[in-house]
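Q: Quick one: the structure is below, and I'll ask about it shortly.
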Amino acid sequence: MRRVALTGIGVIAPVGVGRDAVWSALIGGQSGIGRIEEFDTTNLKTNIAGLCREFKPECFFDERELSRLDRVSQLAVAASELAVRDAGLSNGLLDSYDAGVVLGTGFGGQASIEEFCGAFFGNERARKSAIAIPKSMYNASSSNIAIRLKTRGPNITITTACSSGANAIGQAFHLIRYGHAERMIAGGADAPVTPVVMDAWKEMRVLSTKNDPPERACKPFSANRDGFVLAEGAGIVVLEEMSAARERGARILAEVMGYGSTADAAHITFPCPEGESQAMLRALKDAQVGSDEIDHVNAHGTATRLNDVSETEAIKRVLGNRAFEIPVNSIKSMIGHSMGAAGAIEFIATVLAITEQVVPPTINYEEKDPQCDLDYVTEGARPMDGRVRIRTAMSNSFGFGGNNAVLVVRKFE
Amino acid sequence: MTSEAAQSIEDVVKNIIVGELRVDPSQLAPETHLMKDLGADSLDALNIALRLEEAFKIKIPDEAIPRFLTVGDIVKGVQEHLKTN
Chain A
23 MRRVALTGIG VIAPVGVGRD AVWSALIGGQ SGIGRIEEFD TTNLKTNIAG LCREFKPECF
83 FDERELSRLD RVSQLAVAAS ELAVRDAGLS NGLLDSYDAG VVLGTGFGGQ ASIEEFCGAF
143 FGNERARKSA IAIPKSMYNA SSSNIAIRLK TRGPNITITT ACSSGANAIG QAFHLIRYGH
203 AERMIAGGAD APVTPVVMDA WKEMRVLSTK NDPPERACKP FSANRDGFVL AEGAGIVVLE
263 EMSAARERGA RILAEVMGYG STADAAHITF PCPEGESQAM LRALKDAQVG SDEIDHVNAH
323 GTATRLNDVS ETEAIKRVLG NRAFEIPVNS IKSMIGHSMG AAGAIEFIAT VLAITEQVVP
383 PTINYEEKDP QCDLDYVTEG ARPMDGRVRI RTAMSNSFGF GGNNAVLVVR KFE
Chain B
44 MTSEAAQSIE DVVKNIIVGE LRVDPSQLAP ETHLMKDLGA DSLDALNIAL RLEEAFKIKI
104 PDEAIPRFLT VGDIVKGVQE HLKTN
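Protein chains in written order, with the working numbering: chain A, 23 to 435; chain B, 44 to 128.
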């Protein structure tokens, strides 16, 4: 079976731009959650979100390009550029029918469609645009990446809510493993912090309303958690067929080992430990890795009561006693929930935990929940030294719709 | 049409082109070609048409848009449209 190497990382998150900046913020336990200043939040119960304030689109695009790209495309294309640069890939290797893109997004070009709808429904401050469709369509971001990088192979957009980014990386991994591509740009991007989306989530009563201070709002696995914090961001990885990566002398960060994907087929929003654990088991089987070989789980960990309990149960079902011995973290505590980007950014954090041998913390943990009884790394970043090293790790992503996607990644050996 | 009115139509048209194509106003002469000289494409043409419709409260027929090649074409097209309506 063909092996798949991970050779580049591009990430834009509320805590920073680029692999090094994001990583040092994560292991420093820094929160990227802040007050929303971009629009009026008077009628919302939540006035905080994870916004990528350090992302300067003008460093990647000229004004004409910016006018053509919704913010989600700006995030996706910029993160792809960073990933390709990190991989040391020259354009010649991407300008090929054997190179492609799989991108996950939950909301697509939401801001562009809201702007058009505003004008349509008579808001005098909103403006119609003749290009609202090509800016807002869900596949705009993946297409814009291909246009920018000249990848001519498969170009696929996956929208499975909060598991989109993980599904995208998993599908890209399989495209390479089974011979349909040599190199893939894969990950997720979302820019859903808009007035309409915030209001719709408000009505669903799943957002944290712990507005003060913003950085302490998101409390995954803690008994006093009250919901997730909406965020934006993009996480992109470069995947390459192992021998092709070696041939060009690429620095190999890790090996993608397995991918499992299931549907709960139960309820549109209510999570189900059975579907989640089956996705984890299938990822292990796909990786040909035993449950006792998993050294770390990067959890979906949204900080909703339903997710955290269901996920903890699923992890215990799959890993048994091993579940209590290994670090399980949620970086959503720091960067919020970036929907279709979350699974990709968290997978990147999982890879970096392996390369750096440090597990970022779950911050804001305050009260023990008897139903959430794993080791959630609540004391601060945990260096993995001595006997307990991370060789193989798992990243969980579970989305509305009952979509579950799990990735297994291993230290490159 | 008075010369002031003609001048103001030209100014509005130029402002719209500058806004949509992010070009410097000094680049716009009557013979400036939107695609060849300013790098516009068909999507830009659609946005310019939309802004012209809003600014002058007119309806630009589909078949007129491909004839809007230069700054002068657009100014003349808008003037004629306003005259006949």
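Even glycine gets a Cβ: it sits at the ideal position worked out from N, Cα and C. Please read these numbers as outputs of a predicted model, since none were measured by experiment.
Which ranges does the beta strand (DSSP E) cover as unbroken runs of at least 3 residues, wholly within the stretch 292-357 of chain A, from first to last along the chain?
A: Within the stretch 292-357 of chain A, the complete beta strand (DSSP E) runs of at least 3 residues are 318-320.
Q: When Cβ atoms are compared, which residues of the stretch 85-103 of chain A fall closer than 8 Å to chain B?
A: Within the stretch 85-103 of chain A, the qualifying residues are 85, 86, 89 and 90.
Q: With residue 434 of chain A and residue 105 of chain A assumed to form a contact (beta carbons below 8 Å), what rounded beta-carbon distance in angstroms separates them?
A: For this step, residue 434 of chain A is matched to residue 412 along the first sequence. For this step, residue 105 of chain A is matched to residue 83 along the first sequence. Rounded, the Cβ-Cβ distance is 17 Å, inconsistent with contact.
Q: Does DSSP put residue 81 of chain B in a helix, a strand or coil?
A: Translated into the one-based positions of the second sequence, residue 81 of chain B becomes position 38. Of the three classes helix, strand and coil, the one that applies to residue 81 of chain B here is coil, per DSSP.
Q: Go ahead and label residue 81 of chain A buried or exposed: buried means 16 or more other beta carbons lie within 10 angstroms of its beta carbon, across all protein chains shown.
A: Taking the first residue of the first sequence as 1, we reach residue 81 of chain A at position 59. That one is exposed.
Q: Quick one, which of A/376, A/371, A/362 and A/412 has its alpha-carbon nearest residue 427 of chain A's?
A: Mapped onto the first sequence, residue 427 of chain A falls at position 405. Checking every option, the nearest Cα to that of residue 427 of chain A belongs to A/362.
Q: In whole angstroms, what is the alpha-carbon distance linking residue 246 of chain A and residue 328 of chain A?
A: Locating residue 246 of chain A in the first sequence gives position 224, where the first residue counts as 1. Locating residue 328 of chain A in the first sequence gives position 306, where the first residue counts as 1. Each residue's alpha carbon lies about 13 Å from the other.
Q: Thinking residue 205 of chain A and residue 262 of chain A are a contact (beta carbons under 8 Å), I'd like their distance in whole angstroms, please.
A: Translated into the one-based positions of the first sequence, residue 205 of chain A becomes position 183. Translated into the one-based positions of the first sequence, residue 262 of chain A becomes position 240. With a Cβ gap of about 5 Å, residue 205 of chain A and residue 262 of chain A count as contacting.
Q: So, at 8 Å on beta carbons, what are the nonlocal neighbours of residue 387 of chain A in its own chain, with the 5 sequence-adjacent residues on each side left out?
A: For this step, residue 387 of chain A is matched to residue 365 along the first sequence. Cβ within range, chain order: 241, 242, 243, 244, 355, 398 and 400.
Q: Enumerate, from N- to C-terminal direction, the unbroken beta strand (DSSP E) stretches of 3 or more residues contained entirely within the stretch 30-72 of chain A.
A: List check, beta strand (DSSP E) in window: 55-57 and 70-72.
Q: According to DSSP, residue 281 of chain A sits in a beta bridge with which residue or residues?
A: The residue you call residue 281 of chain A lines up with position 259 of the first sequence. BP columns for residue 281 of chain A point to A/429.
Q: Counting contacts by CB-CB distance shorter than 7 Å, is residue 93 of chain B in contact with chain A?
A: Your numbering for residue 93 of chain B matches position 50 in the second sequence. Judged by the 7 Å Cβ criterion, residue 93 of chain B is in contact with chain A.
Q: For the candidate residues B/114, B/125, B/122 and B/127, whose alpha-carbon lies nearest to that of residue 75 of chain B?
A: Your numbering for residue 75 of chain B matches position 32 in the second sequence. Among B/114, B/125, B/122 and B/127, the Cα nearest to that of residue 75 of chain B is on B/114.
Q: Which residues, in chain order, does the stretch 135-166 of chain A contribute to contact with chain B at a C-beta distance below 8 Å?
A: Within the stretch 135-166 of chain A, the qualifying residues are 150, 151, 152, 153 and 156.
Q: Enumerate in chain order the residues of its own chain whose CB-to-CB distance from residue 238 of chain A is below 6 Å, with the five nearest sequence positions on each side excluded.
A: The residue labelled residue 238 of chain A in the question sits at position 216 within the first sequence. Cβ within range, chain order: 386.
Q: Going along chain A in order, which residues have a C-beta closer than 9 Å to the C-beta of residue 90 of chain B?
A: Residue mapping note: residue 90 of chain B aligns to position 47 of the second sequence, counting from 1. Neighbours of residue 90 of chain B on chain A, chain order: 89, 151, 152 and 153.
Q: Sorted by chain position, which residues of the same chain lie with C-beta nearer than 7 Å to residue 295 of chain A's C-beta, five sequence neighbours on each side aside?
A: Along the first sequence, one-based indexing puts residue 295 of chain A at 273. The answer, listed in chain order, is 332, 335, 336 and 339.
Q: Since residue 210 of chain A sits in a beta bridge, which residues does DSSP pair it with?
A: Reading the first sequence from its first residue, position 188 is the one you call residue 210 of chain A. According to DSSP, residue 210 of chain A bridges with A/126 and A/257.
Q: Are the CB atoms of residue 381 of chain A and residue 404 of chain A nearer to each other than 7 Å?
A: Taking the first sequence and counting its residues from 1, the one referred to as residue 381 of chain A is at position 359. Taking the first sequence and counting its residues from 1, the one referred to as residue 404 of chain A is at position 382. Yes, these two residues count as a Cβ contact at 7 Å.
Q: Using the beta-carbon of each residue, which ones in chain A are nearer than 9 Å to residue 65 of chain B?
A: Here residue 65 of chain B refers to the residue found at position 22 of the second sequence. Near residue 65 of chain B (Cβ distances below 9 Å), the residues of chain A are 84, 85, 86, 88 and 89.
Q: Find the nearest neighbour of residue 132 of chain A within the set A/170, A/281 and A/222, judged by alpha-carbon distance.
A: By one-based count along the first sequence, residue 132 of chain A stands at place 110. Ranking the options by Cα distance to residue 132 of chain A, first place goes to A/222.
Q: Can you give me, in chain order, the residues of the stretch 67-91 of chain B that have a beta carbon less than 8 Å from any beta carbon in chain A?
A: Listed in sequence order: 82, 86, 89 and 90.
Q: Rounded to a whole number of angstroms, what is the C-alpha to C-alpha distance between residue 117 of chain B and residue 107 of chain B?
A: The count along the second sequence starts at 1 and reaches residue 117 of chain B at position 74. The count along the second sequence starts at 1 and reaches residue 107 of chain B at position 64. Roughly 10 Å between the two C-alpha positions.
Q: Mind checking which residues open and close the beta strand (DSSP E) that includes residue 177 of chain A?
A: For the purposes of this step, residue 177 of chain A is identified with residue 155 of the first sequence, where counting begins at 1. Run containing residue 177 of chain A: 177-180, per the beta strand (DSSP E) assignment.
Q: Among the residues of its own chain, which have a CB less than 7 Å from the CB of residue 53 of chain B, if the five just before and after it don't count?
A: Your numbering for residue 53 of chain B matches position 10 in the second sequence. The answer, listed in chain order, is 118.
Q: According to the Cβ coordinates, are residue 126 of chain A and residue 210 of chain A closer than 7 Å?
A: Along the first sequence, one-based indexing puts residue 126 of chain A at 104. Along the first sequence, one-based indexing puts residue 210 of chain A at 188. Yes, these two residues count as a Cβ contact at 7 Å.
Q: Let me know if residue 281 of chain A comes out buried or exposed under the rule of 16 or more other beta-carbons within 10 Å of its beta-carbon.
A: Residue numbering aside, residue 281 of chain A sits at position 259 when the first sequence is read from its first letter. Classification of residue 281 of chain A: buried, given that the 10 Å Cβ count is 16 or more.
Q: Comparing alpha-carbon positions, which option in A/172, A/130 and A/147 lies nearest residue 154 of chain A?
A: As a working note, residue 154 of chain A is residue 132 in the first sequence. Considering only alpha carbons, the answer is A/130.
Q: Please classify residue 330 of chain A as buried or exposed, where buried requires at least 16 neighbouring CB atoms within 10 angstroms.
A: On the first sequence, residue 330 of chain A is found 308 positions in, with the first residue counted as 1. By the neighbour-count rule (16 or more Cβ atoms within 10 Å), residue 330 of chain A is buried.
Q: Please look up how many angstroms separate the CB atoms of residue 257 of chain A and residue 36 of chain A, rounded, as I've assumed it's under 8 Å.
A: Numbered from its first residue, the first sequence carries residue 257 of chain A at position 235. Numbered from its first residue, the first sequence carries residue 36 of chain A at position 14. In fact, because the Cβ distance is near 12 Å, the residues do not count as touching under 8 Å.
Q: If you run the structure through DSSP and keep just helix, strand and coil, what is residue 381 of chain A?
A: Sequence index remark: in the first sequence, residue 381 of chain A carries index 359 (1-based). In the structure shown, residue 381 of chain A sits in a strand (DSSP, three-state: E or B).
Q: I need the boundaries of the alpha helix (DSSP H) containing residue 414 of chain A, first residue and last residue.
A: Taking the first sequence and counting its residues from 1, the one referred to as residue 414 of chain A is at position 392. Unbroken run through residue 414 of chain A is the beta strand (DSSP E), 414-421; no alpha helix (DSSP H).
Q: Using DSSP bridges, identify the partner residues of residue 405 of chain A.
A: Counting from one through the first sequence, the residue named residue 405 of chain A turns up at place 383. For residue 405 of chain A, which the question treats as bridged, DSSP gives the partners A/380.
Q: Quick one: measure Cβ to Cβ for residue 12 of chain A and residue 348 of chain A, integer angstroms, because I've assumed they're closer than 8 Å.
A: One cannot answer for residue 12 of chain A here, as it falls past the ends of chain A, which runs 23 to 435.
Q: What residue range is occupied by the uninterrupted alpha helix (DSSP H) comprising residue 196 of chain A?
A: The sequence position of residue 196 of chain A within the first sequence is 174, counting from 1. Where residue 196 of chain A is concerned, the enclosing alpha helix (DSSP H) stretches over 186-199.
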